[in-house]
Each structure stands twice: as structure tokens, then as C-alpha cells.
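Accompanying notes for the structure given below.
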Amino acid sequence: MKHGNIPNRVLLFDGVCNLCNGAVQFIIKRDPDGLISFSSLQSETGQRLLKLNGLPTEHFDSFVFIEDGKVYTKSTAAIKVFRHLRGAWRFSVVLLAVPRPVRNMVYSLIAKNRYKWFGKKNECMLPSPAIKKRFLP
Numbered sequence: 001m002k003h004g005n006i007p008n009r010v011l012l013f014d015g016v017c018n019l020c021n022g023a024v025q026f027i028i029k030r031d032p033d034g035l036i037s038f039s040s041l042q043s044e045t046g047q048r049l050l051k052l053n054g055l056p057t058e059h060f061d062s063f064v065f066i067e068d069g070k071v072y073t074k075s076t077a078a079i080k081v082f083r084h085l086r087g088a089w090r091f092s093v094v095l096l097a098v099p100r101p102v103r104n105m106v107y108s109l110i111a112k113n114r115y116k117w118f119g120k121k122n123e124c125m126l127p128s129p130a131i132k133k134r135f136l137p
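Position 4 of the sequence shown, counting from 1, maps to 4 under full-length UniProt numbering, and the rest follow consecutively.
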């Protein structure tokens, strides 16, 4: 089921964050069937999806995972993405048993310090031609 030209599973990420870009590359390697599509939070599509879902359009401190019209943020978004990956990563769904405030406290600590710890780019990453179709404009 697609909403307009938006795939069923879209991960919105901070396009200038080195940690976030690394996470996207990690996901791509473990999702060879291409179940998950991507868009940077800063892109036209990312901004449109944020607005459509009533989310802030200027604070990029969370992954946003949209699956079948449902929106997940922070640690829940990461766990929902991991369950689609090959290998043992899909078992990370057990982390949903950890109370959300505890999970999000750890997530927020990392998000708050991600530029300091991992750095940032001046502009969003450009996907290679082989995976470009998985990135929304």
C-alpha cells in the first residue's frame, strides 16, 4: 500500500549527521530486499512528511519511521526499523519491553551529542546509483 508515491516504509534521518548517515548505510547493507526507503529530514519529501504527520520541521533530533501510515520516533523508530533487517538485528524488537522513557532517555543523550561525538557534513549525503532508487527526493 502506497500513499501517493510514498512507499510503505520510510525512514527520515538527519542528512548532515555522520552518525545518521552511518546508520542508513548499516540499514541498507542489512536490508538487501529494499524494504525500507529513505529521505533526509531536510529534504522536500522529508519536510512534507513531517508536516503531514504534525511533527516539527526544524528540529532534527530523531529518526522518524513511517510504516503503513503509522509514525514512530526516537528509540521506537530504530527498533521498528531493526525488525526488518536480516540477521540477529530483527530480535532487537525485544527492546520494546524496556519502558519507552528509559529507551528515549538513552536515545536523546546520543542524539543531543551526535554532532560533537561523530561530526556532521556540510550537506546531505548523495546515494550511490545502485541505491539511489531507495532515496526519496
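For each residue, glycine too, the CB sits at the ideal point set by N, CA and C.
Within its chain, find whatever has a CB closer than 7 Å to the CB of methionine 1; leave out the 5 residues flanking it on each side and keep chain order. Here residue 1 is taken as the residue at index 1 of the sequence shown, counted from 1. Below a pLDDT of 50, predicted positions are generally treated as unreliable, and methionine 1, at 34, falls in that range; the measurement from the model is reported next regardless. Cβ neighbours of methionine 1 beyond the five flanking positions: Asn8 and Asp68.
At 4 residues or longer, what runs of the alpha helix (DSSP H) sit wholly inside the region 59–126? 74–82 and 100–118
Just confirm the distance between the C-beta atoms of leucine 49 and valine 16, as a whole number of angstroms; I'd bet it's less than 8 Å. The residue you call residue 49 lines up with position 49 of the sequence shown. The residue you call residue 16 lines up with position 16 of the sequence shown. Not confirmed; about 18 Å, so no contact.
Spell out the partners DSSP gives residue 155 in its beta bridges. Only positions 1 to 137 of the chain appear in this structure, which leaves residue 155 out of reach.
The alpha helix (DSSP H) spanning isoleucine 28 covers which residue range? As a working mapping, residue 28 is identified with position 28 in the sequence shown. Counting along the chain, the alpha helix (DSSP H) containing isoleucine 28 begins and ends at 18–30.
Whose CA, out of Cys20, Ile6 and Val24, lies closest to the CA of lysine 120? Here residue 120 is taken as the residue at index 120 of the sequence shown, counted from 1. Of Cys20, Ile6 and Val24, the residue nearest in Cα terms is Cys20.
How many angstroms separate the CA atom of glutamine 47 from the CA atom of glycine 87? By one-based count along the sequence shown, residue 47 stands at place 47. By one-based count along the sequence shown, residue 87 stands at place 87. Roughly 32 Å between the two C-alpha positions.
Proximity of lysine 80 and phenylalanine 91 at Cβ, strictly below 8 Å: Sequence index remark: in the sequence shown, residue 80 carries index 80 (1-based). Sequence index remark: in the sequence shown, residue 91 carries index 91 (1-based). No, these two residues do not count as a Cβ contact at 8 Å.
Closest to glycine 54 by CA distance: which of Lys70, Ser40, Ala97 and Ser39 is it? Counted from its first residue, the sequence shown places residue 54 at position 54. Of the candidates Lys70, Ser40, Ala97 and Ser39, the one whose C-alpha sits nearest the C-alpha of glycine 54 is Lys70.
Compute the distance between the beta-carbons of phenylalanine 135 and phenylalanine 38, then report whether it is under 8 Å. Counting from 1 along the sequence shown, the entry for residue 135 is found at position 135. Counting from 1 along the sequence shown, the entry for residue 38 is found at position 38. Yes, the pair counts as a contact, with Cβ atoms nearer than the cut-off.
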